[in-house]
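Each remark here refers to the structure printed beneath this line.
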């Protein structure tokens, strides 16, 4: 194959990806090899590729490709998530654009539209991942609502219900007024908001106005007529229509006078009791708490404790219901604005203060959630938490970075039951069937439900149409928590060949933002249904941010299109750009310049290979001594880096592993090794040197391939003729572990000597074609490498002398002094060098005069801090030393 003069990713990437697909190089079947399994964090079925996906899937592909080259049976299972809330919202919006409301459709009609949407948009993201080089076993592609996964979900629901772990009841839930569904606690994002604290007057009912002054410590409020009232501070005045009690702390001295009283809810005029509980914070507001059991989780607990009625004043969409009695049909936030005015007008608002508090928002729709009493299905979580905590804390299942163990531990130790029902149609419908006379049965199919219903009611004549299935569907995460098991059919067909071989999976790569939603729950399901962990390691990626540190988002317009980046820089360039800034668990400050650096590295690799392949090879040409030394050095250097890379992979420090290989190729191989073995212009290279160099290049391609699969495959295929179906992707890494540390260390000294000689050439403007003599003062510690130094520096000789020549330039490497005599470069060189040094001498003498003038000023010396004077004296000493050195050098050059 002919190698193009320039590297063009577009000519390479599609070609090799199709080659890998055609030869089934991504596919995996159980065999005798050690398995390496990764399951993809399933992206939303209707989603498109974004920068977070790019990072996550690049890391997964690096790990999978490395495992293949280590000889493991690598299996990367792709798939998508049905994303109940997000997908249903998109379908609702699409229908609305056609003038159709969801409420106008039956469930089946709506689901027909949802499946059409999924078929049209679903899987786009998986196709886009191919552009990135993702080496998934595409034949295994799964969907959380495909037949196998759906049956698994229903089977697990029934099983957990029968175990007494799933229950149904009215509880306080997080309600999303936009998505019109309950959410779990983990789906609520708390944000700091600048709001208001409203101080409302609750008048004492049937007040006889006795007690002209309160007892010591009591705070009694009175209006102009003498009527007493309590003051309640609240951030949500729109909820007063649901107040059913006021609560004070029994130990609060300022509110003792309210014990046993009843108060009137402002505007509403409902008379409610004053109850006492030490839950009330005496320091917040006035120490009086309004209790609204239907709309606050803590108030709900007080309501349960004191048997208070709960009045639900909100409709599902966040407007006020008939039960509120006031502001019916108005949006809750519009009510907040209006009620402030109405309270003020009625003289029931004492004051309003600015207040900063945390408000819960729906993770999906970004609207403020509404605590709401609702009949829902729940999963008891303590049982699962008890199983899932020890393996992580004991490092049986490892987190990278380990700091997330504490996050995990804190959640599990404070776990609450999981609200698993959602008021949606798109998803797995809850397999509960209600009976005509009340009650329900739970079964995986309608046929099983009918049989159970007939047994439960004792009525064999009961028909399927007599049963009504629950309208709700399950939380999306209730399917994805089974993902590592259900992908290998472990729920429906436990103990099958694939689940026994591939499970537990090896690594999970995901973001820390779903540690509760997904990671913890998969661990729980793993121990419940397989009796062991679902994966051995979890690699937490960071959040992709722009170079200013802002999280990338569509709204900010700071997120590039990943496919556009691939078109501009090539997939390998983008992959490298992502990984150069992607330490595990830390946020990624992404900059297009990193992708440009990746593209430049591609070009460097390409040009280095073209240089090597362009040399004429001859078995007759003797091997230069410098080349022999270079080969011995680079073999050890490469082996050392290969061992370092293996260690870094073991610690999941992938960014550092890439940087180690990058430096090995760019700095050591291209900048040093190739220069050391390069034949003279127009001359052939020794055959053994050439073949060894090609072997080194082969090793470098193996090390680079997981990070940059396309260019490495292209060049590997050019090294020698390959059989059809062979690929670098499945070519094992077979590098020696032998490293001659002493030899490598000596070579570092050699490189420093060479760098110093080259710097002198630049400083003194001595052309490369001018041969120099290098003198070693005393003893030459790297005499064995003289051939390399002579070649790299174009030296006429290296000699050992007792003292450096007068007209010479010297430098130190360690404790050894080296010098280059300059006498051979004629009058013009000396005149130019003398002129340069005299100009520098003049500048330093002027600088010294300025310092001396300052130090001779008595006022300055007497008033300046001691540290300042000391600094000036140091400047004087440094200047005098440089001046003396310049004078000596000028005199020596004039003498020469």
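In the UniProt record's numbering, the protein residues as written are 1 to 896.
Glycine is no exception: its CB is placed at the ideal position from the N, C-alpha and C atoms.
How far does the beta strand (DSSP E) with residue i in it reach, from first residue to last?
i           : result
residue 23  : Premise fails: residue 23 is in no beta strand (DSSP E) and is neither H nor E.
residue 507 : 505-510
residue 378 : 370-379
residue 264 : 262-264
residue 349 : 349-362
residue 77  : 73-77
residue 484 : Run containing residue 484: none in the beta strand (DSSP E); it sits in the alpha helix (DSSP H), 483-486.
residue 276 : 271-276
residue 432 : 432-434
Which whole-angstrom value describes the C-beta separation of residue i and residue j, a residue pair presumed to lie in contact below a C-beta threshold of 8 Å?
i           : j           : result
residue 747 : residue 662 : Not a contact, Cβ separation roughly 20 Å.
residue 271 : residue 262 : 5 Å
residue 699 : residue 659 : Contact flag wrong, Cβ pair sits at about 18 Å.
residue 132 : residue 571 : 6 Å
residue 376 : residue 188 : That belief does not hold up - the Cβ atoms of residue 376 and residue 188 are roughly 15 Å apart, past 8 Å.
residue 309 : residue 239 : The Cβ separation is near 15 Å, so there is no contact.
residue 202 : residue 246 : 6 Å
residue 445 : residue 194 : About 53 Å separates the two Cβ atoms, so there is no contact after all.
residue 848 : residue 890 : No, residue 848 and residue 890 are not in contact; Cβ-Cβ is about 17 Å, not under 8 Å.
residue 525 : residue 499 : At roughly 13 Å, the Cβ-Cβ gap does not stay under 8 Å, so residue 525 and residue 499 are not in contact.
residue 313 : residue 320 : 6 Å
residue 369 : residue 183 : 7 Å
Measure the C-alpha to C-alpha separation of residue i and residue j and round it to an integer number of angstroms.
i           : j           : result
residue 619 : residue 692 : 13 Å
residue 644 : residue 739 : 12 Å
residue 826 : residue 832 : Per-residue confidence for residue 826 stands at a pLDDT of 49, beneath the threshold of 50, marking its modelled position as unreliable; no derived number is given.
residue 116 : residue 109 : 11 Å
residue 520 : residue 501 : 23 Å
residue 175 : residue 85  : 13 Å
residue 293 : residue 709 : 59 Å
residue 864 : residue 879 : 21 Å
residue 545 : residue 564 : 18 Å
residue 844 : residue 834 : 15 Å
residue 450 : residue 436 : 12 Å
residue 390 : residue 414 : 15 Å
residue 385 : residue 224 : 58 Å
residue 762 : residue 821 : 15 Å
residue 427 : residue 652 : 36 Å
residue 885 : residue 812 : 17 Å
residue 361 : residue 14  : 43 Å
residue 250 : residue 178 : 40 Å
How is the alpha helix (DSSP H) around residue i delimited, first residue to last?
i           : result
residue 393 : 382-393
residue 615 : No alpha helix (DSSP H) contains residue 615, which DSSP labels as neither H nor E.
residue 638 : 625-650
residue 35  : Note, residue 35: premise wrong, no alpha helix (DSSP H); beta strand (DSSP E) at 35-39.
residue 290 : First-last for residue 290: 288-291, but that is the beta strand (DSSP E), not the alpha helix (DSSP H).
residue 144 : Residue 144 -> no alpha helix (DSSP H), and no H or E assigned at all.
residue 408 : 404-413
residue 562 : 562-569
Is the beta carbon of residue j closer than 8 Å to that of residue i?
i           : j           : result
residue 903 : residue 560 : Residue 903 lies beyond the residue range present for the chain, which begins at 1 and ends at 896; the question has no answer from this structure.
residue 737 : residue 639 : yes
residue 128 : residue 48  : yes
residue 234 : residue 290 : yes
residue 701 : residue 608 : no
residue 515 : residue 407 : yes
residue 687 : residue 617 : yes
residue 680 : residue 788 : no
residue 374 : residue 170 : yes
residue 527 : residue 387 : yes
residue 523 : residue 512 : no
In terms of DSSP beta bridges, what is residue i paired with?
i           : result
residue 897 : Since the first residue shown for the chain is 1 and the last is 896, residue 897 is missing from the structure and cannot be characterised.
residue 190 : 360
residue 200 : 232, 349
residue 774 : 798
residue 898 : The structure shown does not extend to residue 898, since the chain is modelled only from 1 through 896, so no value can be given for it.
Would you say residue i reaches chain D, if we count a Cβ-Cβ gap shorter than 8 Å as a contact?
i           : result
residue 370 : The displayed structure is made up of one protein chain only, and chain D is not part of it.
Is any heavy atom of the ligand GDP found at a distance shorter than 7 Å from the C-beta of residue i?
i           : result
residue 393 : Within the structure as shown, the ligand GDP is missing, as the structure has no ligands at all.
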